Amino acid sequence: MSDYQPVIRYGHSTVRVGDYLYMWGGSQPDDLDLDLQLNPAQPSSQPQSFDNKFVLVYHLPTSLAPRDYLPTGKWEQKATTGKLPPGSTGYASAVIGKEIFYFGGCCNHIDCFPRCFHNSLYGLNVDTLKWREVSPNTSQSGPMMKESAGMIAVQVDEEDYLVVFGGHGPSSENTPAQPNAQYSTEGFNIENMQCTNELHYYRILTGEWISPDITGDRPPPITGFTLTSVNDSSAILFGGFSPTADYKVSDKLYVMVFNKEQLSLEISEVPNSLQNWPCARSAHSSALINVDSIGPHLLVVGGFEISDCWLLDVTNKIWDEVTN
């Protein structure tokens with residue numbers, strides 16, 4: 078029996094919890110060979126959203142795993158239970174303990190053709206593989222319904238919060254605008270689409286969305302960037318698309334520092350004063366590599382029509398291109 082292999086997809090995320098990677102959702106053009114993960118009730122000639130019932134689990138190779146445990150270096154398809162989210166693409170994800178949180182995104186389900194956007198928040202417990210709806214989809218409060226936002230987990234006064242920033246979605250039938258945030262409809266070929274730089278905290282304990290105090294260099298409305306945690310009180314934002322009349326793709330680097338005693342943060346832009354700096358990009362990926370001997374480094378890979386790879390020394394803010 079051959080090993081299970083996930084089908085081709087985009088607009089998904091893969092997160093690590095312990096010695097496992099968890100992949101869920103995403104989209105795939107309907108002219109490819111779809112497997113049973115897909116919802117068959119889909120409009121033709123449109124991108125397909127993956128079925129919401131399955132999560133794909135990859136056991137990372139490790140010398141610490143017992144020999145009678147799951148084989149390492151292999152994918153498995155696992156069924157999930159509970160209150161399932163819609164099969165989505167372009168959502169944001171973050172991990173707190175043994176729970177993976179998924180925010181927003183959009184789907185292509187036949188009852189909301191051509192696409193519908195979400196601001197719901199779901200949690201998946203990786204021990205039980207059971208979903209729960211953390212915050213419902215609503216046009217009354219919270220972040221706007223959107224995709225391509227960033228989400229990370231932080232701690233404030235030793236309490237867990239999620240932080241959701243940026244993204245794009247429909248300008249009609251959406252939540253009230255956040256005070257001091259910006260919303261831009263420039264640069265989109267799709268009617269009624271807007272991009273934002275709104276930033277919300279979600280307090281896990283009380284189940285409420287909160288607008289924090291923000292100081293410093295707040296980025297313009299932006300989507301398709303990466304937001305990567307450095308530790309439980311800081312993160313790095315790189316790249317993205319800021320919609321303007323001339324289609325602005327960004328090469329800017331921002332550092333977010335979250336106040337651990339109160340709901341506030343400072344955002345600072347790192348000046349692009351170095352000759353060695355990655356080109357502007359969006360729809361790329363990034364991950365933190367933290368080795369004690371060299372300190373934290375941010376790995377940035379690819380992007381739309383880009384295939385290079387860069388490594389940022391987070392402490393000294395120095396970029397190096399990774400080559401063969």
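One rule links them: number in this note's numbering = place in the sequence shown (from 1) + 77. Glycine is no exception: its CB is placed at the ideal position from the N, C-alpha and C atoms. Owing to the predicted nature of the structure, the values given are computational and were not obtained by experimental measurement.
Practice task
Verify whether the separation of the beta carbon atoms of L206 and F180 is less than 9 Å.
Solution key: If you number the sequence shown from 1, residue 206 lands on position 129. If you number the sequence shown from 1, residue 180 lands on position 103. No, the pair does not count as a contact, with Cβ atoms beyond the cut-off.
Practice task
Kindly indicate the opening and closing residues of the beta strand (DSSP E) around N308.
Solution key: For the purposes of this step, residue 308 is taken as residue 231 along the sequence shown, with counting starting at 1. That run of the beta strand (DSSP E) goes T303 to N308.
Practice task
Look at the alpha carbon of S212 and the alpha carbon of T400, and state the distance between them as a whole number of angstroms.
Solution key: In the sequence shown, residue 212 corresponds to position 135, counting from 1. In the sequence shown, residue 400 corresponds to position 323, counting from 1. Going by the C-alpha atoms only, they are around 43 Å apart.
Practice task
Answer with buried or exposed for T69, where buried requires no fewer than 16 other C-beta atoms within 10 angstroms of its C-beta.
Solution key: In this structure the chain extends from 78 to 401, so residue 69 is not present and cannot be described.
Exercise for the section: Helix, strand or coil for T392, going by three-state DSSP, please let me know. Expected result: The residue you call residue 392 lines up with position 315 of the sequence shown. Judged by DSSP in its simplified three-state form, T392 adopts coil rather than helix or strand.
Handout entry: Nearest to S248 (by Cα), restricted to the options L239, V231, Y331 and E224
Key = Here residue 248 is taken as the residue at index 171 of the sequence shown, counted from 1. Ranking L239, V231, Y331 and E224 by Cα distance to S248 puts E224 first.
Handout entry: Own chain partners of N202 with C-beta closer than 7 Å, once the 5 adjacent residues on each side are dropped
Key = Within the sequence shown, residue 202 is the residue found at index 125, counting from 1. K175 and E176.
Practice task
Output the distance between the C-alpha atoms of N367 and H374, rounded to the nearest integer angstrom.
Solution key: Counted from its first residue, the sequence shown places residue 367 at position 290. Counted from its first residue, the sequence shown places residue 374 at position 297. Cα-Cα distance, rounded: 6 Å.
Problem - Residue burial classification, E275 (beta-carbon count within 10 angstroms, cutoff 16) - result: As a first step, residue 275 must be located in the sequence shown, where it is residue number 198. Result: buried.
Handout entry: Residues sharing a beta bridge with P247, DSSP
Key = Taking the first residue of the sequence shown as position 1, residue 247 is located at position 170. In DSSP, P247 forms a bridge with M270.
Problem - Identity of the residues DSSP links to V134 by a beta bridge - result: Here residue 134 refers to the residue found at position 57 of the sequence shown. For V134, which the question treats as bridged, DSSP gives the partners Y99 and E153.
Practice task
Would you identify the three-state DSSP class for M221, choosing helix, strand or coil?
Solution key: Numbered from 1 along the sequence shown, position 144 holds the residue referred to as residue 221. Three-state DSSP puts M221 in coil, outside helix and strand.
Handout entry: Inter-residue Cα distance where the pair is K215 and D96
Key = Here the question's residue 215 lines up with position 138 in the sequence shown. Here the question's residue 96 lines up with position 19 in the sequence shown. The sequence shown places Thr at residue 215, rather than the Lys named in the question. Taken atom to atom, the span from the alpha-carbon of T215 to that of D96 is near 35 Å.
Practice task
Please name the residue in L340, D294, L161 and V378 whose C-alpha comes closest to that of A357.
Solution key: Position 280 of the sequence shown, counted from the first residue, corresponds to residue 357. Cα-wise, what sits closest to A357 is V378.
Handout entry: Assumed close pair I287, Y278 - CB separation to whole angstroms, cut-off 8 Å
Key = Against the sequence shown, residue 287 aligns to sequence position 210. Against the sequence shown, residue 278 aligns to sequence position 201. Correct: roughly 4 Å between the Cβ atoms.
Handout entry: Outcome for P163 when other beta-carbon atoms lying within 10 angstroms are tallied against a minimum of 16
Key = Working through the sequence shown from its first residue, we reach residue 163 at position 86. Around the beta carbon of P163, a 10 Å sphere encloses 16 or more other beta carbons of the protein chains shown; the residue is thus reported as buried.
Handout entry: Distance, S327 Cα to Q255 Cα
Key = Counting from 1 along the sequence shown, the entry for residue 255 is found at position 178. Counting from 1 along the sequence shown, the entry for residue 327 is found at position 250. Approximately 23 Å between the Cα atoms of the pair.
Problem - Three-state class that DSSP yields for F265 in the structure shown - result: The count along the sequence shown starts at 1 and reaches residue 265 at position 188. Coil, per DSSP.
Exercise for the section: Would you mind working out which of W152, V132, Y99 and S104 sits nearest Q82, comparing C-alpha positions? Expected result: Reading the sequence shown from its first residue, position 5 is the one you call residue 82. Taking only the C-alpha atoms, the option nearest Q82 is W152.
Practice task
Hey, could you find the ends of the beta strand (DSSP E) S212 is sitting in?
Solution key: Looking up residue 212 in the sequence shown gives position 135. Segment K207 to S212, the beta strand (DSSP E) holding S212.
Practice task
Using the DSSP secondary-structure output, state which residues sit across from I291 in a beta bridge.
Solution key: Position 214 of the sequence shown, counted from the first residue, corresponds to residue 291. BP columns for I291 point to L342.
Exercise for the section: Determine the direct distance from the alpha carbon of N308 to that of P220, and round the result to whole angstroms. Expected result: Residue mapping note: residue 220 aligns to position 143 of the sequence shown, counting from 1. Residue mapping note: residue 308 aligns to position 231 of the sequence shown, counting from 1. One C-alpha to the other measures close to 24 Å.
Practice task
Starting from the Cα of G103, find the closest Cα among P138, G159 and C184 and give me that residue.
Solution key: Taking the first residue of the sequence shown as position 1, residue 103 is located at position 26. G103 has its Cα closest to that of C184, out of P138, G159 and C184.
Exercise for the section: Using a threshold of 9 Å, state whether the C-beta atoms of F335 and V233 are closer than that. Expected result: The residue labelled residue 335 in the question sits at position 258 within the sequence shown. The residue labelled residue 233 in the question sits at position 156 within the sequence shown. The answer is yes: Cβ separation under 9 Å.
Exercise for the section: Check whether the Cβ atoms of I281 and L239 lie closer than 9 Å to each other. Expected result: For this step, residue 281 is matched to residue 204 along the sequence shown. For this step, residue 239 is matched to residue 162 along the sequence shown. Going by C-beta atoms, I281 is nearer than 9 Å to L239.
Handout entry: Beta-carbon proximity check, R295 vs I229, cutoff 9 Å
Key = Taking the first residue of the sequence shown as 1, we reach residue 295 at position 218. Taking the first residue of the sequence shown as 1, we reach residue 229 at position 152. No.
Problem - Beta-bridge partners of D385, as assigned by DSSP - result: Residue numbering aside, residue 385 sits at position 308 when the sequence shown is read from its first letter. According to DSSP, D385 bridges with nothing at all.
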